[in-house]
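Trainee:
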Amino acid sequence: MDIDVLTLFPRIFEGPLEESILKRAQESGRVQVRVHNLRDYTHDKHRVVDDRPYGGGPGMLMKPEPIFEAVEKLQRNDSCVVLMTPQGAPFTQARAQAFAKKPHVIIICGHYEGVDERVRQALVHEEVSIGDYVLTNGALAAAVVVDAVVRLLPGVLGHEDGAADDSFATGLLEGPQYTRPPEFRGMRVPEVLLSGDHGAVARWRAEQAESRTKQRRPDLLK
Ligand code: JDQ
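Numbering (the working numbering), first residue to last: 734 to 955.
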C-alpha cells in the first residue's frame with residue numbers, strides 16, 4: 734500500500750513513522766508512507782500557502798493552488814483522496830479497514846481555518862474527523878489515521894490473528910487482563926484465570942467484556 738500525506742508540518746510525522754510497528758511495516762515494504770511539504774508546491778518567492786477568506790472574517794484559509802498541484806502530481810487512477818477536517822465523517826475501525834484495502838491513499842491535512850471549498854469539490858473523495866474536538870491542524874489527525882490503517886495491513890502485526898479480536902472489531906470493549914505475579918500488593922488475579930479451564934476463562938472474559946461495555950460504552954451494544 735502507498736500513502737502520501739500533504740501537510741505544512743511534515744516533521745509532525747517523523748516521530749510516529751519512525752517508531753516500532755510503523756517503522757517495521759515500512760522497512761518490510763508492506764507500506765510506503767511519503768510525507769510532502771505543501772510549501773514545496775508553491776512557486777512564489779515567499780512560498781505562500783494561505784490567503785484571506787472571501788466575505789471577510791478572522792483567520793486564513795489554505796489556497797487551492799498548492800493542494801491541486803500536489804494531488805494532481807501524486808494521484809493515480811486507483812487513488813483515494815482523503816481530507817482531514819472536523820466536519821468529516823467519523824473515522825471508525827470500519828473506515829480504517831476500508832482504507833487498508835485501497836492501493837493508494839492521499840491524505841490532505843488542513844491547516845489554518847481549513848481549505849478552499851474547491852479542494853473538496855474537485856479533489857476529495859472522503860472527509861474524515863478523528864473525533865469531536867478541535868485540533869490546531871490536520872497533521873496529528875492524519876498521523877492517527879495512518880497508524881490505524883497500517884497496523885491492519887497483512888503481515889504488519891507479528892501475531893497471527895492480527896487485528897481480528899481488537900475490541901472495535903468484536904464490537905465490545907476488552908475486559909480486565911492480568912500478568913504475573915498472581916498476587917501483587919495484596920491484589921489477587923481472579924482465580925478462574927489461574928484455573929487452566931479454557932472454557933471457564935472464555936466465559937468469564939465474555940461476561941467481563943459485556944459488563945464493561947454496558948458500563949462505559951452502552952452505545953456500542955445498540
Ligand atoms: C484542520 C481548525 C478552526 C479547523 C485546520 C485544519 N477530528 C479533528 N479535529 N480537528 C481536526 C480534525 C482538524 C483537521 C484539519 C483542523 C482541525 N484545523 C483547525 C480550527 C476551525 C476548523
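Using N, Cα and C, we set each Cβ at its ideal position, and we do this for glycine too.
My guess is that P749 and L741 are in contact by the Cβ rule of under 8 Å, so how many angstroms apart are they, rounded?
Mentor: Walking along the sequence shown from the start, residue 749 turns up at place 16. Walking along the sequence shown from the start, residue 741 turns up at place 8. That pair is no contact at about 17 Å.
Trainee: Which runs of the alpha helix (DSSP H) spanning at least 4 residues fall entirely within the region 882-935, listed in chain order?
Mentor: Taking only runs of at least 4 residues, the alpha helix (DSSP H) segments lying wholly in the region 882-935 are 900-903 and 924-927.
Trainee: Going by C-alpha to C-alpha distance, which of D735, M795 and L953 sits closest to A902?
Mentor: To locate residue 902, count along the sequence shown from 1; it is residue 169. Closest by alpha carbon: L953.
Trainee: From the DSSP output, which residues share a beta bridge with P823?
Mentor: Indexing the sequence shown from 1 puts residue 823 at position 90. DSSP, once it has assigned bridges, lists S862 as partnering P823.
Trainee: Taking V867 as the reference, give the member of E943, R949, A897 and H844 with the closest Cα.
Mentor: Residue 867 sits at position 134 when you count from the first residue of the sequence shown. Checking every option, the nearest Cα to that of V867 belongs to H844.
Trainee: Are the CB atoms of L873 and I745 within a distance shorter than 8 Å?
Mentor: Against the sequence shown, residue 745 aligns to sequence position 12. Against the sequence shown, residue 873 aligns to sequence position 140. A contact, by the Cβ cut-off of 8 Å.
Trainee: Hey, which unbroken runs of the alpha helix (DSSP H) at 4 residues or more fall wholly within the region 774-850?
Mentor: With a minimum length of 4 residues, the continuous alpha helix (DSSP H) runs that stay inside the region 774-850 are 797-807 and 826-833.
Trainee: Mind checking which residues open and close the beta strand (DSSP E) that includes R767?
Mentor: Taking the sequence shown and counting its residues from 1, the one referred to as residue 767 is at position 34. Taken as a continuous stretch (DSSP letters only), the beta strand (DSSP E) holding R767 covers Q765 to N770.
Trainee: Spatial neighbours of Q941 within its chain, please: C-beta separation below 7 Å, excluding the five flanking residues on both sides.
Mentor: The count along the sequence shown starts at 1 and reaches residue 941 at position 208. For Q941, where only same-chain residues beyond five positions count, the Cβ hits under 7 Å are G908 and P909.
Trainee: Have a look at V861 and V878 and give me their C-alpha separation to the nearest angstrom.
Mentor: Within the sequence shown, residue 861 is the residue found at index 128, counting from 1. Within the sequence shown, residue 878 is the residue found at index 145, counting from 1. Cα to Cα, V861 sits roughly 9 Å from V878.
Trainee: State buried or exposed for A939, treating a residue as buried only when at least 16 other CB atoms are found within 10 Å of its CB.
Mentor: By one-based count along the sequence shown, residue 939 stands at place 206. It counts as exposed.
Trainee: Any chance the CB of S862 is under 7 Å from a heavy atom of ligand 1?
Mentor: Taking the first residue of the sequence shown as position 1, residue 862 is located at position 129. The answer is yes for S862.
Trainee: Which two residues bound the contiguous alpha helix (DSSP H) that contains L755?
Mentor: Translated into the one-based positions of the sequence shown, residue 755 becomes position 22. It spans S753 to E760 - the alpha helix (DSSP H) in which L755 sits, taken as one unbroken run.
Trainee: Could you give the C-beta distance for L816 and R772, rounded to a whole number, given that I count them as a contact under 8 Å?
Mentor: Along the sequence shown, read from residue 1 onward, the residue named residue 816 stands at position 83. Along the sequence shown, read from residue 1 onward, the residue named residue 772 stands at position 39. L816 to R772, Cβ: 18 Å. No contact.
Trainee: Look up I736 in the DSSP assignment and give the residues it is bridged to.
Mentor: What you label residue 736 is simply residue 3 of the sequence shown in a count that begins at 1. I736 is bridged to V766 and V838.
Trainee: Just the C-alpha distance for G790 and E846, rounded to the nearest angstrom, thanks.
Mentor: Position 57 of the sequence shown holds residue 790. Position 113 of the sequence shown holds residue 846. Between G790 and E846, the C-alpha separation is close to 11 Å.
Trainee: Over what stretch of residues does the alpha helix (DSSP H) that includes L750 continue unbroken?
Mentor: By 1-based counting over the sequence shown, the position of residue 750 is 17. L750 -> alpha helix (DSSP H) spans R744 to L750.
Trainee: Confirm the yes/no value for this check: CB of G871, any heavy atom of ligand 1, distance under 7 Å.
Mentor: By one-based count along the sequence shown, residue 871 stands at place 138. Yes, the Cβ of G871 comes within 7 Å of a heavy atom of ligand 1.
Trainee: Would you please state the rounded distance, in angstroms, between the beta carbons of A833 and V768? I believe it to be under 8 Å.
Mentor: Translated into positions along the sequence shown, residue 833 becomes position 100. Translated into positions along the sequence shown, residue 768 becomes position 35. Not confirmed; about 19 Å, so no contact.
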